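Here the protein sequences line up with chains A and B, keeping their order. With my numbering, letter number 174 in the first sequence gets 594, and the count goes up by one each step, no holes. With my numbering, letter number 288 in the second sequence gets 708, and the count goes up by one each step, no holes. Glycine is no exception: its CB is placed at the ideal position from the N, C-alpha and C atoms. If you're wondering where the values come from, they're calculated on a predicted model, not measured in any experiment. One structure is given here, and the rest of the page talks about it.
Number of protein chains: 2
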Amino acid sequence: MLMHSEFLDVCAVEEIAAGAAILGAGGGGDPTLGMLMTKHAMEQHGPIRLIRVEDVPDEEWIVPLSVVGAPTVTLEKIASGKEILEALHMLEQHLGMKTFAVYPGEIGGGNSMTPLHAAARAGLPVVDADLMGRAFPEIQMTSATLVGIKASPMSMADEKGNRLLLDAVDNVCTERLARAATVQMGGCSHIANYAMRGGHAKQAVIPGTISLARQIGRALKTSRLEKRDPVEALLELLRGVLLCRGKIRDVQRKTEDGFAVGEVSLAVSGSSSQFKVAFQNENLVAWLDGAVRATVPDLITIVDESTGQAILTENLKYGQRVAVLGIPCHSKWRSAEGLKLVGPRYFRYDLDYVPVEASHG
Amino acid sequence: MLMHSEFLDVCAVEEIAAGAAILGAGGGGDPTLGMLMTKHAMEQHGPIRLIRVEDVPDEEWIVPLSVVGAPTVTLEKIASGKEILEALHMLEQHLGMKTFAVYPGEIGGGNSMTPLHAAARAGLPVVDADLMGRAFPEIQMTSATLVGIKASPMSMADEKGNRLLLDAVDNVCTERLARAATVQMGGCSHIANYAMRGGHAKQAVIPGTISLARQIGRALKTSRLEKRDPVEALLELLRGVLLCRGKIRDVQRKTEDGFAVGEVSLAVSGSSSQFKVAFQNENLVAWLDGAVRATVPDLITIVDESTGQAILTENLKYGQRVAVLGIPCHSKWRSAEGLKLVGPRYFRYDLDYVPVEASHG
Numbered sequence: 421m422l423m424h425s426e427f428l429d430v431c432a433v434e435e436i437a438a439g440a441a442i443l444g445a446g447g448g449g450d451p452t453l454g455m456l457m458t459k460h461a462m463e464q465h466g467p468i469r470l471i472r473v474e475d476v477p478d479e480e481w482i483v484p485l486s487v488v489g490a491p492t493v494t495l496e497k498i499a500s501g502k503e504i505l506e507a508l509h510m511l512e513q514h515l516g517m518k519t520f521a522v523y524p525g526e527i528g529g530g531n532s533m534t535p536l537h538a539a540a541r542a543g544l545p546v547v548d549a550d551l552m553g554r555a556f557p558e559i560q561m562t563s564a565t566l567v568g569i570k571a572s573p574m575s576m577a578d579e580k581g582n583r584l585l586l587d588a589v590d591n592v593c594t595e596r597l598a599r600a601a602t603v604q605m606g607g608c609s610h611i612a613n614y615a616m617r618g619g620h621a622k623q624a625v626i627p628g629t630i631s632l633a634r635q636i637g638r639a640l641k642t643s644r645l646e647k648r649d650p651v652e653a654l655l656e657l658l659r660g661v662l663l664c665r666g667k668i669r670d671v672q673r674k675t676e677d678g679f680a681v682g683e684v685s686l687a688v689s690g691s692s693s694q695f696k697v698a699f700q701n702e703n704l705v706a707w708l709d710g711a712v713r714a715t716v717p718d719l720i721t722i723v724d725e726s727t728g729q730a731i732l733t734e735n736l737k738y739g740q741r742v743a744v745l746g747i748p749c750h751s752k753w754r755s756a757e758g759l760k761l762v763g764p765r766y767f768r769y770d771l772d773y774v775p776v777e778a779s780h781g
Numbered sequence: 421m422l423m424h425s426e427f428l429d430v431c432a433v434e435e436i437a438a439g440a441a442i443l444g445a446g447g448g449g450d451p452t453l454g455m456l457m458t459k460h461a462m463e464q465h466g467p468i469r470l471i472r473v474e475d476v477p478d479e480e481w482i483v484p485l486s487v488v489g490a491p492t493v494t495l496e497k498i499a500s501g502k503e504i505l506e507a508l509h510m511l512e513q514h515l516g517m518k519t520f521a522v523y524p525g526e527i528g529g530g531n532s533m534t535p536l537h538a539a540a541r542a543g544l545p546v547v548d549a550d551l552m553g554r555a556f557p558e559i560q561m562t563s564a565t566l567v568g569i570k571a572s573p574m575s576m577a578d579e580k581g582n583r584l585l586l587d588a589v590d591n592v593c594t595e596r597l598a599r600a601a602t603v604q605m606g607g608c609s610h611i612a613n614y615a616m617r618g619g620h621a622k623q624a625v626i627p628g629t630i631s632l633a634r635q636i637g638r639a640l641k642t643s644r645l646e647k648r649d650p651v652e653a654l655l656e657l658l659r660g661v662l663l664c665r666g667k668i669r670d671v672q673r674k675t676e677d678g679f680a681v682g683e684v685s686l687a688v689s690g691s692s693s694q695f696k697v698a699f700q701n702e703n704l705v706a707w708l709d710g711a712v713r714a715t716v717p718d719l720i721t722i723v724d725e726s727t728g729q730a731i732l733t734e735n736l737k738y739g740q741r742v743a744v745l746g747i748p749c750h751s752k753w754r755s756a757e758g759l760k761l762v763g764p765r766y767f768r769y770d771l772d773y774v775p776v777e778a779s780h781g
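Listed below in structure tokens is the structure:
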């Protein structure tokens, strides 16, 4: 079978990690550690083959791999890389199938690296796609849910050797059971779910998001080399909106029910205005002087003003000089079903969704 | 193969239910509903065959079946009987085995009926044994744990159709993960665990406890017919100690982390003394005027003074005239390992265990 594919080298993995942090919208965890682990695995096992979803044979199984939990926990509880392969093996055993390729369930943040690391170790190709086009805090928040594909059966593993297989009636039940188990696993678990055949995947995934992350990483690198404003480079590539430039004056955060929850306040540069962003793992809503400027599912990403690198919610600190970007989400999320699943009301904000580019026309 | 076995008829099931309520030590849930369901299933499928553990072939698998959760919840969330067979099927599938016989993980309370009902429906024999000789609130509290047998792999099912398979590193991890999942399943779940072969079972189970429950039920029936004091009949059969006769003056209870937790106070008959019993699903410690009179793992069972029927913690009410019995636990629990697993200190009472019959010499 002739298949369009390319090989990812360590340089590509670095670019993907930098881009994935931007697509994390503040969440999804820091990709740095996963990037180092992936590079290490590639030194031992060689480069990773990236394939297009349209090249996955209809009958073959592809499986998204993810780490679930509060990023604040995943920062301190470091994976060995064995856990995710344990989870994949358990799912294969349950379904009686062999995985053709893996891919990120969530391109945003550290979960961009989870399948790359597993793929390098297991010698599997990676599909250039994910199920979110960004990061989201809950398991049911995927493009697969939108087309009626179940997250279950789903397997979970932790670093102690605990394994769990879930077969829930719907994706919200899967999320609830998995979240409760994750808390017992110490706030972080390694999961394989949404197993689907190539034929279904073509409708269910968001294609090209690994390549998009790489483009973002490359744009940041290029802007650095060309001494161009990285914020401008990002806005241009992602058709984004500059929500604010400013300095962080306060950060509130707590870990609640397995999530990192809080808000960050900024003093807007060159004005007396106040800017505020609320987050639950990811940044959810942004306000300028109390007026909503952007909401989930559009991406609200805070970057270091001078380097353009994403600052995840757990790394926000008093005094940082930042730019806040509003990035249009994938069009799948702007449908009525999409907004029901991941719109501001799901997160208990009594707000109508307005596309970020429209409110800054 | 010639095997010693007897058949349980509906009359036997009624006796077992009454006896199991006594062995519940206040917990394990009311067996009445399970008894009615079992009798109904027997009307359709015929009597249940009871076999001795020594007659289980060494290579055959036997599986204890249980309902997990706060009795206060299981009272209101009524099982269809399908859930437990779902759980058993999931475990069989995972282990690639066929169940030879089922039995109660916990003879005390409603879980005495769980495997009888399943056995009647599935046409399986029941082993005359359990893993507690009473009721305990947590999954690792079994005689199987004492001989190093794992609760995992363990399957769980709920009435909505959610299923879960756990493979935890030890029995305490199994309990934690199962408890968290049970809370998400609405406070009650149906489980199959501690799957073991006949060869191991002979060391791991507490034999004869279904017959013991039946003897208790029969003694209550006989005392009624013979107009004998049922409390005396129970004490004689179980070599128990009368801790107090009295009237309930207060009950405190709440549902906490999936458990029914609280305490009951009694005015002792014919004296100004106060008697108190603390419970977590089961009765754990009894005090007379502040002095400890009995502790877990001995059974503290509160019965209706006139009928001798057990009153479960969730049915305790102001004004009831009761007798409180102290019943020696199985000798396995009186070892150092046994007391570490289920002694008063495990339940955060800073008390040394003193056998109930010794403290009332």
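According to the Cβ coordinates, are R439 of chain A and L645 of chain A closer than 8 Å? Correcting the residue identity first, residue 439 of chain A is Gly in this sequence and not Arg. Cβ distance not < 8 Å, so G439 of chain A and L645 of chain A don't count as in contact.
Short of 8 Å Cβ to Cβ, which residues in the segment 567-598 of chain A face chain B? Legend: CB atoms of the segment 567-598 of chain A lying less than 8 Å from CB atoms of chain B belong to residues K580, G581, N582, R583, L584, L585, L586, D587, A588, V589, C593, R596 and L597.
From V476 of chain B to A624 of chain B, what does the alpha carbon distance come to, in whole angstroms? Straight through space, the alpha carbons of A624 of chain B and V476 of chain B are spaced by roughly 13 Å.
Do E503 of chain A and E610 of chain A come within 8 Å of each other at the CB atom, strictly closer than that value? Reading off the sequence shown, one finds His at residue 610 of chain A, where the question assumed Glu. Note that the C-beta distance between H610 of chain A and E503 of chain A is below 8 Å.
How long is the line joining the alpha carbons of A653 of chain A and W753 of chain A, rounded to whole angstroms? Between A653 of chain A and W753 of chain A, the C-alpha separation is close to 25 Å.
Can you look up Q635 of chain B in the DSSP assignment and give me helix, strand or coil? Q635 of chain B falls in the helix class under three-state DSSP.
The beta strand (DSSP E) spanning E676 of chain B covers which residue range? Element bounds for E676 of chain B: V661 to E676.
Considering only residues of the same chain and omitting the five flanking positions on each side of M421 of chain A, which have a CB-CB separation below 6 Å? A caution first: M421 of chain A carries a pLDDT of 48, below 50, which makes its placement in the model unreliable, though a value can still be read off. Here the set comprises nothing.
8 Å Cβ cutoff met for I630 of chain A and H750 of chain A: Not closer than 8 Å, so no.
Taking only three categories from DSSP, how would you classify K696 of chain B? It is a strand residue.
Would you please verify whether the beta carbon of Q560 of chain B is less than 8 Å from any beta carbon of chain A? False, the Cβ-Cβ gap to chain A never drops below 8 Å.
Helix, strand or coil for R599 of chain A per DSSP? In this structure, R599 of chain A counts as helix in the three-state DSSP scheme.
Minimum C-alpha distance to Y738 of chain A - residue among A:L470, A:K667 and A:E777: The shortest Cα separation from Y738 of chain A among A:L470, A:K667 and A:E777 belongs to A:K667.
Output needed for Q700 of chain A: all residues of its chain with C-beta closer than 6 Å, excluding positions within five of it in sequence on either side, in chain order. Leaving aside the five residues that flank Q700 of chain A on each side, the residues in its chain whose CB is nearer than 6 Å to its CB run, in chain order, P557, F679 and V681.
In the DSSP assignment, find the alpha helix (DSSP H) that holds S563 of chain B and state where it starts and stops. In the DSSP assignment, S563 of chain B falls within the alpha helix (DSSP H) that extends over S563 to L566.
Mind checking who E683 of chain A pairs with in its DSSP beta bridge? By DSSP's assignment, E683 of chain A forms a beta bridge with A:Q672 and A:A698.
Output needed for R541 of chain B: all residues of its chain with C-beta closer than 7 Å, excluding positions within five of it in sequence on either side, in chain order. Excluding residues within five positions, the ones whose Cβ falls inside 7 Å are A461, H465, G501 and L505.
Just the chain B side, please: which residues come within less than 8 Å of V603 of chain A by C-beta, in chain order? Neighbours of V603 of chain A in chain B, taken as residues whose beta carbon is under 8 Å from its own, are A600 in chain order.
Selected residue, minimal CA-CA separation from G530 of chain A, among A:I468, A:L453, A:L597 and A:L551: Measuring C-alpha to C-alpha distances from G530 of chain A to each of A:I468, A:L453, A:L597 and A:L551 identifies A:L453 as the nearest.
Could you check the C-alpha separation between A600 of chain B and G447 of chain B for me, to the nearest Å? Near 20 Å, if we compare the C-alpha coordinates of G447 of chain B and A600 of chain B.
Nearest CA to the CA of P484 of chain B: which residue from B:I722, B:P467, B:G543 and B:A571? Out of B:I722, B:P467, B:G543 and B:A571, B:A571 has the C-alpha closest to the C-alpha of P484 of chain B.
Tell me the DSSP bridge mates of A549 of chain B? Per DSSP, B:P627.
C-beta contact flag for V488 of chain A and T602 of chain A at 8 Å: A distance below 8 Å separates the beta carbons of V488 of chain A and T602 of chain A.
So H750 of chain B is in the alpha helix (DSSP H); what residue range does that whole segment cover? From DSSP, H750 of chain B is part of no alpha helix (DSSP H); its letter is neither H nor E.
Return the CA-CA distance between K580 of chain A and R765 of chain B, expressed in angstroms with no decimal places. So the alpha carbons of these two residues sit roughly 26 Å apart.
Ignoring anything shorter than 3 residues, give me the beta strand (DSSP E) runs that lie fully in the segment 699-726 of chain B, in order along the chain. The segment 699-726 of chain B contains these whole beta strand (DSSP E) runs: 702-708, 711-715 and 719-724.
Who pairs with F427 of chain B in a beta bridge, going by DSSP? DSSP output for F427 of chain B lists B:R469 as bridge partner(s).
In angstroms, rounded to a whole number, what distance separates the CA positions of V723 of chain B and E512 of chain B? Each residue's Cα considered, the two are about 39 Å apart.
Taking the alpha carbon of I471 of chain A as the point to measure from, which residue in A:F520, A:L443, A:G516 and A:K459 has its own alpha carbon closest? Selected option, being the one with the closest Cα: A:F520.
Quick check on this structure: which residue in B:M517, B:E434 and B:L428 has the alpha carbon closest to the alpha carbon of I468 of chain B? Nearest option by C-alpha distance: B:L428.
How would you write the range of the beta strand (DSSP E) that A730 of chain A sits in, first residue to last? That residue, A730 of chain A, is in no beta strand (DSSP E); it is neither H nor E in DSSP.
Can you tell me whether R741 of chain A is buried or exposed? The criterion is at least 16 other CB atoms within 10 Å of its CB, across all chains shown. Counting Cβ neighbours within 10 Å, R741 of chain A comes out exposed, since fewer than 16 surround it.
Rounding to the nearest angstrom, what Cα-Cα distance links T594 of chain A and P650 of chain A in this structure? Roughly 40 Å separates the two Cα atoms.
Neighbourhood of S779 of chain A by C-beta distance below 7 Å, restricted to the same chain and skipping five residues each side: Cβ neighbours of S779 of chain A beyond the five flanking positions: R713.
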